[in-house]
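Written out below as structure tokens is the structure these notes cover.
Protein chains: 2
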Amino acid sequence: MQEHSVHVQCSECPIRHRAVCARCETDELSRLEQIKYYRSFQAGQTIIWSGDRMEFVGSVVTGIATLTQTMEDGRRQMVGLLLPSDFVGRPGRPVAAFDVTATTDLVMCCFRKKPFEDMMSATPHIAQRLLEMTLDELDAAREWMLLLGRKTAREKIASLISIIARREASLHMRRAKGMLSVDLPLTREEMADYLGLTLETVSRQISALKKDGVINLEGNRHVQIPDIDRLLEEAGDDSDGGMLV
Amino acid sequence: MQEHSVHVQCSECPIRHRAVCARCETDELSRLEQIKYYRSFQAGQTIIWSGDRMEFVGSVVTGIATLTQTMEDGRRQMVGLLLPSDFVGRPGRPVAAFDVTATTDLVMCCFRKKPFEDMMSATPHIAQRLLEMTLDELDAAREWMLLLGRKTAREKIASLISIIARREASLHMRRAKGMLSVDLPLTREEMADYLGLTLETVSRQISALKKDGVINLEGNRHVQIPDIDRLLEEAGDDSDGGMLV
DNA sequence: GACGCTCCTTGACCCAGATCAAGTTACAGG
DNA sequence: CCTGTAACTTGATCTGGGTCAAGGAGCGTC
Numbered sequence: 001m002q003e004h005s006v007h008v009q010c011s012e013c014p015i016r017h018r019a020v021c022a023r024c025e026t027d028e029l030s031r032l033e034q035i036k037y038y039r040s041f042q043a044g045q046t047i048i049w050s051g052d053r054m055e056f057v058g059s060v061v062t063g064i065a066t067l068t069q070t071m072e073d074g075r076r077q078m079v080g081l082l083l084p085s086d087f088v089g090r091p092g093r094p095v096a097a098f099d100v101t102a103t104t105d106l107v108m109c110c111f112r113k114k115p116f117e118d119m120m121s122a123t124p125h126i127a128q129r130l131l132e133m134t135l136d137e138l139d140a141a142r143e144w145m146l147l148l149g150r151k152t153a154r155e156k157i158a159s160l161i162s163i164i165a166r167r168e169a170s171l172h173m174r175r176a177k178g179m180l181s182v183d184l185p186l187t188r189e190e191m192a193d194y195l196g197l198t199l200e201t202v203s204r205q206i207s208a209l210k211k212d213g214v215i216n217l218e219g220n221r222h223v224q225i226p227d228i229d230r231l232l233e234e235a236g237d238d239s240d241g242g243m244l245v
Numbered sequence: 246m247q248e249h250s251v252h253v254q255c256s257e258c259p260i261r262h263r264a265v266c267a268r269c270e271t272d273e274l275s276r277l278e279q280i281k282y283y284r285s286f287q288a289g290q291t292i293i294w295s296g297d298r299m300e301f302v303g304s305v306v307t308g309i310a311t312l313t314q315t316m317e318d319g320r321r322q323m324v325g326l327l328l329p330s331d332f333v334g335r336p337g338r339p340v341a342a343f344d345v346t347a348t349t350d351l352v353m354c355c356f357r358k359k360p361f362e363d364m365m366s367a368t369p370h371i372a373q374r375l376l377e378m379t380l381d382e383l384d385a386a387r388e389w390m391l392l393l394g395r396k397t398a399r400e401k402i403a404s405l406i407s408i409i410a411r412r413e414a415s416l417h418m419r420r421a422k423g424m425l426s427v428d429l430p431l432t433r434e435e436m437a438d439y440l441g442l443t444l445e446t447v448s449r450q451i452s453a454l455k456k457d458g459v460i461n462l463e464g465n466r467h468v469q470i471p472d473i474d475r476l477l478e479e480a481g482d483d484s485d486g487g488m489l490v
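As given, the protein sequences belong to chains V and B, one line each in that order.
Here the first sequence is numbered in the working numbering, starting from 1 and rising by one per residue.
Here the second sequence is numbered in the working numbering, starting from 246 and rising by one per residue.
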């Protein structure tokens, strides 16, 4: 269960996405093919409300979704960012624990929960693969706890940008004239909700990082990173390890 | 895989602890018995350092352990609190992601990693049970992210006390003259590290909650809760749901 | 090209919680 | 019983980031 690929190529998905261990092969894949279907969501649309019955699991194919919690008085905290290939849903859980919202137009590849769970019982590798993915998410959540509890606003912004850069880089290595560049997929307010800040502070810290030459801005959303090590240093991460997300 | 008990009774453990699905019964249990062993740790002793090779998994039998991260400049954030019955370790991961420290004298029931993983492969229910537990931990971590990112110091303290009360209550329902009472298993500094505060702020907020009659203090560590609903209200939790940990 | 959006920036001021600095318990060991 | 030390409390002051407020920039629509 170690080094083989963990991505499956859906017959229709434009990208490979990880949902099932690839070693379990054709038989399993064909069964998955039979029960899968696609759903599209518009930017801003809520996919599931916290507490709602959730009758499917799936993974993001294109677009960005977020996991958020809201207190009665409106304070919001984003607790997860779902990029293409990320899995959504909790096998064995009837209801959703958090709001899931599409922040861009979004396509998901879904499996009805019951058949997926049946297949999970029949195919041990799936549970093991899901366990592995859930452990990754747990590590990421715990890294985020350090950020939320102990980092300064500037470090939080630098961390967010470097994490998005890392995720983007792993998908489609993109460099312009030797400079790493990233599109921020979130508004300032969404970044604030992710980082436990206000949107004004996010804006101010981004301006400060720009003034100090740590990043370049091209429009509001497009960031160039002249020196990734400098950015990581600003993020306060020890060495270059950690920070999975 | 749904409603059956998920606790196993070790032959020596004073309490039942959850590590394996009980439905998988005698055969599996006896195999587990063969590979399990016990380890004791003194209060303050570090069980594993982040990045260390980790050659066992296990669960807490008695005592309290914590999961923490530290930045180079010494800022610390606790990312998990391990009470009796909690599982430690990541099947499939060679190294520990966080420091694990015994905050009280501690006994753990351990399994060497290799045989445990072998058994996991051979017994599908184990992976499913671990997945379930990991999903619980992930939900708890995400609840904690809301606390760290958005709650006030007073709400954080109230949340921590109510969570510890809930955990204690589920183990050994303890009430003195109709009043719920809890021992805080952590120093003020450890609470601060858990809540993303300083120890001074923790102390001040505990004093404030006492002055306002939300809690009573008997010594430094023993807390009485005259009105659990009042406490939950102070914690800012919607209704009485959520907050697993 | 002017309107009406939503998103973003910047300034002025304020306050919750951090920091610095004394004390005060609580309790273990001699 | 005294003494030392770790844990805790409380006060005084400072400050990072929140709050309130006023624009600006980009962009789709008529």
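From the three backbone atoms N, C-alpha and C, an ideal C-beta is built for every residue, glycine too.
Since the model is a prediction, treat every value here as computed from it, not as a measurement.
- Item | Element boundaries [beta strand (DSSP E), containing Ala310 of chain B] | Counted from its first residue, the second sequence places residue 310 of chain B at position 65. Annotation: the continuous beta strand (DSSP E) that includes Ala310 of chain B extends over Ala310 to Thr315.
- Query: Just curious, the beta strand (DSSP E) that Thr46 of chain V is in, first and last residue?
  - Reply: Within the first sequence, numbered from 1, the residue matching residue 46 of chain V stands at position 46. Where Thr46 of chain V is concerned, the enclosing beta strand (DSSP E) stretches over Thr46 to Ile48.
>> With a threshold of 7 angstroms between beta carbons, is Pro124 of chain V in contact with chain B?
In response: Translated into the one-based positions of the first sequence, residue 124 of chain V becomes position 124. Yes, contact with chain B.
_Residue from B:Gly289, B:Ser295 and B:Val302 with nearest C-alpha to Tyr283 of chain B_ = By one-based count along the second sequence, residue 283 of chain B stands at place 38. Nearest C-alpha to Tyr283 of chain B: B:Val302.
Name, please, each residue of chain V whose Cβ falls closer than 9 angstroms to the Cβ of Met436 of chain B.
-> As a working mapping, residue 436 of chain B is identified with position 191 in the second sequence. The contact set of Met436 of chain B on chain V, defined by CB atoms closer than 9 angstroms, is empty, because the minimum CB distance reaches about 12 angstroms.
Item to complete: Return no unless some Cβ of chain B is closer than 7 angstroms to the Cβ of Asp229 of chain V.
Response: If you number the first sequence from 1, residue 229 of chain V lands on position 229. Judged by the 7 angstroms Cβ criterion, Asp229 of chain V is not in contact with chain B.
(Q) Just to confirm before moving on: does the CB-CB distance between Leu217 of chain V and Ile225 of chain V stay below 7 angstroms? (A) Translated into positions along the first sequence, residue 217 of chain V becomes position 217. Translated into positions along the first sequence, residue 225 of chain V becomes position 225. Note that the C-beta distance between Leu217 of chain V and Ile225 of chain V is not below 7 angstroms.
* To do: For Ser59 of chain V, count neighbouring C-beta atoms within 10 Å of its own C-beta (all shown protein chains included) and say buried if the count is 16 or more, exposed if not.
  => By 1-based counting over the first sequence, the position of residue 59 of chain V is 59. With 16 or more Cβ atoms within 10 Å of its Cβ, Ser59 of chain V is classed as buried.
Mind listing which residues of the stretch 124 to 157 of chain V have their C-beta closer than 7 angstroms to chain B's C-betas, in chain order?
Taking 7 angstroms as the Cβ-Cβ cut-off against chain B, the residues of the stretch 124 to 157 of chain V that qualify are Pro124, Ala127, Gln128, Leu130, Leu131, Glu132, Thr134, Leu135, Glu137, Leu138, Asp139, Ala141, Arg142, Trp144, Met145, Leu146, Leu148, Gly149 and Arg150.
Worksheet item: Is DSSP giving Val223 of chain V helix, strand or coil here?
Response: Locating residue 223 of chain V in the first sequence gives position 223, counting from the first residue. If DSSP states are grouped into helix, strand and coil, Val223 of chain V belongs with the strands.
Per DSSP, what kind of secondary structure is Arg320 of chain B in: helix, strand or coil? Sequence index remark: in the second sequence, residue 320 of chain B carries index 75 (1-based). Reduced to three states, the DSSP call for Arg320 of chain B is coil.
### Query
Which partner residues of Lys36 of chain V appear in the DSSP bridge assignment?
Along the first sequence, read from residue 1 onward, the residue named residue 36 of chain V stands at position 36. DSSP lists V:Phe111 as partners of Lys36 of chain V.
Would you tell me roughly how many angstroms separate the C-alpha atoms of Ser159 of chain V and Met179 of chain V, rounded to the nearest one? Within the first sequence, the letter at position 159 stands for residue 159 of chain V. Within the first sequence, the letter at position 179 stands for residue 179 of chain V. Straight-line Cα distance between these residues: approximately 18 angstroms.
(message) Any beta carbon from chain V within less than 7 angstroms of Asp428 of chain B's own beta carbon?
(response) The count along the second sequence starts at 1 and reaches residue 428 of chain B at position 183. For Asp428 of chain B, no Cβ of chain V is located within less than 7 angstroms of the residue's own Cβ.
Shortest alpha-carbon distance to Thr346 of chain B belongs to which of B:Gln314, B:Glu362 and B:Ala410? Here residue 346 of chain B is taken as the residue at index 101 of the second sequence, counted from 1. Of the listed residues, the one whose Cα sits closest to Thr346 of chain B is B:Gln314.
Considering only residues of the same chain and omitting the five flanking positions on each side of Ser116 of chain V, which have a CB-CB separation below 6 angstroms? Mapped onto the first sequence, residue 116 of chain V falls at position 116. The question names Ser, but residue 116 of chain V in the sequence shown is Phe. Same-chain partners within the cutoff: Val57.
#### Entry: Cutoff 7 angstroms: Gln322 of chain B Cβ touching any chain V Cβ
Position 77 of the second sequence, counted from the first residue, corresponds to residue 322 of chain B. With 7 angstroms as the cut-off, Gln322 of chain B counts as an interface residue toward chain V.
- Message: Please identify the residue among B:Leu442, B:Asn465, B:Trp389 and B:Arg338 whose C-alpha is closest to the C-alpha of Thr152 of chain V.
- Response: Within the first sequence, residue 152 of chain V is the residue found at index 152, counting from 1. Comparing Cα-Cα distances from Thr152 of chain V to each of B:Leu442, B:Asn465, B:Trp389 and B:Arg338, the minimum goes to B:Leu442.
Could you spell out the range, first to last residue, of the beta strand (DSSP E) harbouring Ser59 of chain V? Counted from its first residue, the first sequence places residue 59 of chain V at position 59. Taken as a continuous stretch (DSSP letters only), the beta strand (DSSP E) holding Ser59 of chain V covers Phe56 to Thr62.
field: Against chain V: residues of the stretch 340 to 365 of chain B by CB proximity under 8 angstroms
entry: Residues passing the 8 angstroms Cβ filter: Ala342, Phe343 and Met365.
ask   = Between V:Phe87, V:Leu199, V:Pro185 and V:Asp73, which lies nearest to Leu135 of chain V when the distance is taken from Cα to Cα?
value = Position 135 of the first sequence holds residue 135 of chain V. For Leu135 of chain V, the closest alpha carbon among the candidates V:Phe87, V:Leu199, V:Pro185 and V:Asp73 is that of V:Phe87.
- Query: alpha helix (DSSP H) containing Ala453 of chain B: first to last residue?
  - Reply: Walking along the second sequence from the start, residue 453 of chain B turns up at place 208. Leu444 to Lys456 is the extent of the alpha helix (DSSP H) around Ala453 of chain B.
Q: Taking only the alpha-carbon atoms, compute the straight-line gap between Thr46 of chain V and Thr187 of chain V and give it to the nearest angstrom.
A: Within the first sequence, numbered from 1, the residue matching residue 46 of chain V stands at position 46. Within the first sequence, numbered from 1, the residue matching residue 187 of chain V stands at position 187. In a straight line, the C-alpha of Thr46 of chain V is about 16 angstroms away from that of Thr187 of chain V.
> Can the beta-carbon of Ala342 of chain B be found closer than 7 angstroms to that of Asp297 of chain B?
Replying inline: Numbered from its first residue, the second sequence carries residue 342 of chain B at position 97. Numbered from its first residue, the second sequence carries residue 297 of chain B at position 52. Against a cut-off of 7 angstroms, the Cβ pair of Asp297 of chain B and Ala342 of chain B comes out as no contact.
Quick test of your reading: Ile35 of chain V and Phe111 of chain V, contact by CB under 8 angstroms. State the CB separation rounded to the nearest angstrom. As a first step, residue 35 of chain V is located in the first sequence; it is residue number 35 there, counting from the start. As a first step, residue 111 of chain V is located in the first sequence; it is residue number 111 there, counting from the start. In this structure, Ile35 of chain V and Phe111 of chain V form a Cβ contact; the two beta carbons are roughly 5 angstroms apart against a cut-off of 8 angstroms.
- [ ] Check whether the Cβ atoms of Val459 of chain B and Met145 of chain V lie closer than 7 angstroms to each other.
- [x] Here residue 459 of chain B corresponds to residue number 214 of the second sequence, with the count starting at 1. Here residue 145 of chain V corresponds to residue number 145 of the first sequence, with the count starting at 1. Not closer than 7 angstroms, so no.
Worksheet item: Is Gly44 of chain V near Glu155 of chain V, with beta carbons less than 7 angstroms apart?
Response: The residue you call residue 44 of chain V lines up with position 44 of the first sequence. The residue you call residue 155 of chain V lines up with position 155 of the first sequence. No, the pair does not count as a contact, with Cβ atoms beyond the cut-off.
Worksheet entry | C-beta contact flag for Thr307 of chain B and Thr348 of chain B at 7 angstroms | Walking along the second sequence from the start, residue 307 of chain B turns up at place 62. Walking along the second sequence from the start, residue 348 of chain B turns up at place 103. Inclusion of Thr307 of chain B and Thr348 of chain B in the CB contact set at 7 angstroms is not warranted, their separation being larger than that value.
Short Cβ contact (7 angstroms threshold) for Leu376 of chain B with Leu32 of chain V: Here residue 376 of chain B refers to the residue found at position 131 of the second sequence. Here residue 32 of chain V refers to the residue found at position 32 of the first sequence. Against a cut-off of 7 angstroms, the Cβ pair of Leu32 of chain V and Leu376 of chain B comes out as no contact.
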